[in-house]
Every structure is written in C-alpha cells, then in structure tokens.
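A.B. asks: With the UniProt record's numbering, the residue at position 123 of the sequence shown is 123, and numbering never jumps.
Structure provided below as structure tokens; questions to follow.
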Amino acid sequence: MLAARTGTVGGKNAEETLKLRKQSVLSLGSRERALKSSSESGKEGRARAGQPQQRARRLALLRELEMNWYLRVCELSHEYTIAYTTGMPHRNLGKSGLRVSCLGLGTWVTFGGQISDEVAEQLMTIAYESGVNLFDTAEVYAAGKAEVILGNILKKKGWRRSSLVITTKLYWGGKAETERGLSRKHIIEAPCIPSCIPLRGALHYLTHPWGFIHLSLLGLMQAPCLPIAFFVLSGLKASLQRLQLEYVDVVFANRPDNNTPMEEIVRAMTHVINQGMAMYWGTSRWSAMEIMEAYSVARQFNMIPPVCEQAEYHLFQREKVEVQLPELYHKIGVGAMTWSPLACGIISGKYGNGVPESSRAALKCYQWLKEKIISEEGRKQQGKLKDLSPIAERLGCTLPQLAVAWCLRNEGVSSVLLGSSNPEQLIENLGAIQVLPKMTSHIVNEIDNILGNKPYSKKDYRS
C-alpha cells in the first residue's frame, strides 16, 4: 500500500497537479497585473482629462497669490480693488491678456440718437461705478456723433485711461466707394461723412485741430444748428479725434469686405497697432472661415491676428457663439464679445402687448424690427418668454436679468454688451451679475427645453 501510494502513477499525478497550480498562479498573477494596468491607465486617462482644470485652478491660485503680494507691497487691501468693491467679474478677452468686465456698455442706437447727452452721461457713470470698464462704439453710430459724445463724457469725468477698455468699429464711413470697407486707406484715414452738428459744444469741434470751419468766421454763434454740411473724417484716426483719445484698446472690422484682400486688412490692422493707435484688433459679423483666414495670413507673414469676434447672442440666436466660436477659441484663441442679449428689446417684455411709441421698434429706421415682432415667429418667441417667466420668478430676478445671466453662463463669452436707454434699465440689467451663480446646469437645461433651439456640434452628434 505504501508502494502504491508512492508509485510512478501517483508521482505523475502530483507533478501534473503542481504544474496546474503553477499555471493557475501565473494566470492569476497576469490577470491581476492586467487589471492593475487597466486601472492605472484609467487613472492616467482621468488625470489627463482633469489636467486643464488643474492648470486653470493653478493659474487662478498663482494670480491670487500675485495680487496678494502686490497689495501687501503697496500697503493696500482687497477692498481697494474695483472687482472687490463692485462685485463685477472680469474675464480675459479671448486668450489675450486684456481683462474686461463681463458686462460692457454699448452705444448703438442710444448715444446721439435715442437718448440725450445728459442721459448718456448718467448711463456711463452708473456703468463705471458698477465696475464696467468696457465701452463700445463705432464710426457709423449716429454718423460719428456717438464717438463724440463718448469722448466728451470721458474727458469730463476724468477717469483714468488705464482703467478703461474703449473699443470702436470700422467699415461704414460714407456713400462713396472709398468711404467704406476695410481697405488700408479707410482703416487708417479714409474720407468723410457729412453731419449737422448742434451749436451747443460745436465751437470745440470746429476749433479742434481736425475741424475745418471756425464759427466766428461764419457769424453763426447764435444759430441752434449749423445750416451747412459739416464734414467729419472717418477711419481710425478720425475716430480717435472724435473720442479725444490717443488710442483705442480694440479696433474691430465691423463686417467682412470681399473687395479687399485679407492680407491688406491684416497688414492695416497690424500697422495701426504698431503705430500705437490700437492695442488689439478684432472682427465683427465675420464667419469662422474668414476669421481663420485672417489668423493664417497673420501667422504666415508674422503679423498680428485678431483676438476677438463680436457676435449677436441671445436666447433666440445661438448657433455661432455656441458651436463655431468655441472651436476657434481652442484652436487660435479668438474670444467672443456678444451684443444684443435682449434681442433688440424683444426679450425685455415690453413688446408683449404691441410696440410702444418710445421703443426702438417705433423708430422709422427700425421698421424691420417692428415687422419681426409682429410676425408669426415673433409671436412664438413671446409665448416662449411667457414660459420662461416662472423660472425668473423662482430665481428672484426679472426676465431681462435671466436673459443676460444666461448669456454670461457661457464661459466662452468674454463680455456681454448692454444697450440701455435709461438708468433704470441699465441698473436692472447690471443686476444679472447676482443671477449668474444661480445658473445651474438644471436651470440651463430647463431653459433649453422651453426654447427648443439648442444647437448641436459634431462632437455632440458623435456622443
């Protein structure tokens, strides 16, 4: 029996068992290593995915440390900074280093048109004291008068130029072929547009170095308005003279120009920056392809590319800002400065029962807006706005504040330009800053469900 237990047959079985045990141990070990490597690769993938967020947090921490160090050196406190005292958040303009308030004040329609100079001054004062540092205008606004009013207010207030971000736009200058477009001639110092200047303050305009006529020579000191066509220069040099500034922070090409080669446009913009007339340049109403072409030309010839695109963005206009511009931001650093957050007043709610006489849509030159409001699509939009009102009430804000905060919840938006015709409206819209922290993903999804117009990018379709 002992021999049988220790015989050759028993020995073979023992050897096979030992081999099987070794193989099982090896297989278990390889399986554990595979699981360990897969978990490690998963951790690495998650770590790589979280790297941009960690980098952003690290940069924010470094910026805060630098600010604290600077304040200690200067024997100041956080209470000294505008952002702290006003609560106005600031963001980088695209991937440039220029810090702009997330809300800016625009002058389209209002300055030199819908409102008086006194109201314009009130609006700028309220905005500046609320932490707004961005003021936008254009050579075409009120035929150059908007720039004149803006410049007069800046000079009267005496605000530090270094605390302001002033932007203007070029394209429409006059009726002649050489008075509009983005040629080098027009961008720098194109010809002129006629304008009738009221006598009040006109002596300053006409005795200014760029003026042509002196009132004392005309004997018109008592006239309420000059009875002649007063020719105002257009182009960036003329804009600077109307603004009474040495430079603007950003000059925008107000629309694309198919008649001018892209290289000429980029060279002209690079020239005005190199000459100290502007700090940056951007585009307005350009397509993503055109912006990409400008960037490619700038890189090819060692010139300065655009840093920002001005685009319309509101609850009913979303495609460009939410699909096209984010891709440009990540590829070439072009940011978004958006305008018309209330869709020319449609989202304000004042057109719910028709068109008021004091509204923008009642103006003769805005007949297109009136037609848009009373159209079938306009009525549908008013219905959606009524559905959004309960959300605004739940958040403790007005519908315009909700609409502005909705624009700001998009991190790709550097700044939202407000257009206001009275101080009460501006104060209300500035209150959107308090609503911004309440714009959770749940609230945004609820708004999207009501609007039913969320655009989808290719990435969204693949997912």
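Glycine included, every Cβ here is placed at the ideal spot set by N, Cα and C.
Predicted, not measured: the structure shown is a model, and the values here were computed from it.
Can you look up C192 in the DSSP assignment and give me helix, strand or coil?
C.D. replies: Any reading at C192 must be qualified, since the residue scores a pLDDT of 43, below 50, and its modelled position is unreliable; no value is offered.
A.B. asks: So, for A127: in the same chain, excluding its five sequence neighbours on each side, which residues have a beta-carbon less than 7 Å away from its beta-carbon?
C.D. replies: Contacts found: L105, L426.
A.B. asks: Roughly how many whole angstroms lie between the Cα atoms of H90 and R99?
C.D. replies: Their Cα atoms are separated by approximately 6 Å.
A.B. asks: Quick check on V73: buried or exposed, where buried means 16 or more other Cβ atoms within 10 Å of its Cβ?
C.D. replies: Exposed, since its Cβ has fewer than 16 Cβ neighbours within 10 Å.
A.B. asks: May I ask you to report which of helix, strand or coil DSSP gives K370?
C.D. replies: Helix, per DSSP.
A.B. asks: Roughly how many angstroms separate the alpha carbons of E319 and E75, rounded to a whole number?
C.D. replies: Approximately 48 Å between the Cα atoms of the pair.
A.B. asks: Helix or strand or just coil, what does DSSP make of V100?
C.D. replies: Here V100 sits in strand by DSSP.
A.B. asks: Output the distance between the C-alpha atoms of F301 and G431, rounded to the nearest integer angstrom.
C.D. replies: Whole-angstrom Cα-Cα distance: 45 Å.
A.B. asks: Rounded to whole angstroms, what is the Cα-Cα separation between A143 and G112?
C.D. replies: Going from the Cα of A143 to the Cα of G112 covers about 9 Å.
A.B. asks: With distances taken from CA atoms, which of E64, R63, M88 is nearest V416?
C.D. replies: When each option's Cα is compared against that of V416, the closest is M88.
A.B. asks: Out of W281, K175, I149, point me to the one whose CA is closest to Q114's CA.
C.D. replies: Measuring from the Cα of Q114, the nearest candidate turns out to be I149.
A.B. asks: I need the straight-line Cα distance from P423 to E129, nearest angstrom please.
C.D. replies: Cα to Cα, the separation comes out at about 13 Å.
A.B. asks: For W69, which three-state DSSP category applies?
C.D. replies: Residue state, collapsed to three classes: helix.
A.B. asks: From this set, V132, V272, N152, E411, which residue's C-alpha is nearest I304's C-alpha?
C.D. replies: Comparing Cα positions, the closest option is V272.
A.B. asks: As a quick exercise: from G378, G158, A268, M67, pick the residue whose alpha carbon is nearest that of L315.
C.D. replies: If we check each option's Cα against that of L315, G378 comes out closest.
A.B. asks: For L451, collect the residues of the same chain with a Cβ closer than 7 Å to its Cβ; drop the 5 residues on either side in sequence, then sort them by chain order.
C.D. replies: Once the five neighbours on either side are set aside, the close Cβ partners of L451 are L315, K384.
A.B. asks: Are V248 and A278 touching if we call contact CB-CB under 8 Å?
C.D. replies: A contact, by the Cβ cut-off of 8 Å.
A.B. asks: Rank P390, M337, V435, E393 by C-alpha distance to the C-alpha of V404 and give the top, closest one.
C.D. replies: Closest option to V404, Cα to Cα, is V435.
A.B. asks: For V250, collect the residues of the same chain with a Cβ closer than 6 Å to its Cβ; drop the 5 residues on either side in sequence, then sort them by chain order.
C.D. replies: The residues are T167, Y280, G282.
A.B. asks: Taking 7 Å as the limit between beta carbons, can you name the residues of its chain near I347, skipping five residues before and five after?
C.D. replies: Cβ within range, chain order: H314, L315, L385, L399, P400, A403.
A.B. asks: Given a cut-off of 8 Å, decide if E322 and P437 are closer than it, judged by their beta-carbon atoms.
C.D. replies: No; because the gap between Cβ atoms is not below 8 Å, this pair is not in contact.
A.B. asks: In chain order, what are the residue ranges of uninterrupted beta strand (DSSP E) at least 3 long that sit wholly in the UniProt domain "NADP-dependent oxidoreductase" (103 to 189)?
C.D. replies: Those beta strand (DSSP E) runs which fall completely within the UniProt domain "NADP-dependent oxidoreductase" (103 to 189) and span 3+ residues are 103 to 106, 134 to 136, 165 to 170.
A.B. asks: How many angstroms separate the CA atom of L170 from the CA atom of R394?
C.D. replies: Distance between the alpha carbons of L170 and R394 is about 43 Å.
A.B. asks: Pop quiz: G335 and V307 are said to be a contact at Cβ under 8 Å. What is the actual Cβ separation, rounded to whole angstroms?
C.D. replies: The Cβ separation is near 7 Å, so the contact holds.
A.B. asks: Once DSSP output is grouped into helix, strand and coil, what is the label at W406?
C.D. replies: Helix.
A.B. asks: Roughly how many angstroms separate the alpha carbons of Y329 and E147, rounded to a whole number?
C.D. replies: Straight-line Cα distance between these residues: approximately 30 Å.
A.B. asks: Measuring only the C-alpha atoms, how far is M439 from L240?
C.D. replies: If you take the alpha carbons of M439 and L240, they lie about 39 Å apart.
A.B. asks: Going by the DSSP bridge assignment, what does Q317 pair with across the sheet?
C.D. replies: Beta-bridge pairing links Q317 to H314.
A.B. asks: From the DSSP output, read off the bridge partner residues of Y280.
C.D. replies: In DSSP, Y280 forms a bridge with V250.
A.B. asks: For I291, is the beta carbon positioned less than 7 Å from some heavy atom of the ligand SAH?
C.D. replies: Inclusion of the ligand SAH in the displayed structure is not the case, the ligand content being empty and no account of it being possible.
A.B. asks: Can you check whether the CB of S96 is closer than 8 Å to the CB of N133?
C.D. replies: No, these two residues do not count as a Cβ contact at 8 Å.
A.B. asks: Would you report the Cα separation of R267 and T137, rounded to the nearest angstrom?
C.D. replies: Going from the Cα of R267 to the Cα of T137 covers about 23 Å.
A.B. asks: So, helix, strand or coil for T338, using DSSP?
C.D. replies: Strand.
A.B. asks: Drop a sphere of 10 angstroms on the beta-carbon of A343, count the other beta-carbons inside from all chains shown, and report buried for 16 or more, exposed for fewer.
C.D. replies: Its Cβ being crowded by 16 or more others within 10 Å, A343 is buried.
A.B. asks: How many Å lie between L71 and T85 at the Cα?
C.D. replies: Cα-Cα distance, rounded: 15 Å.
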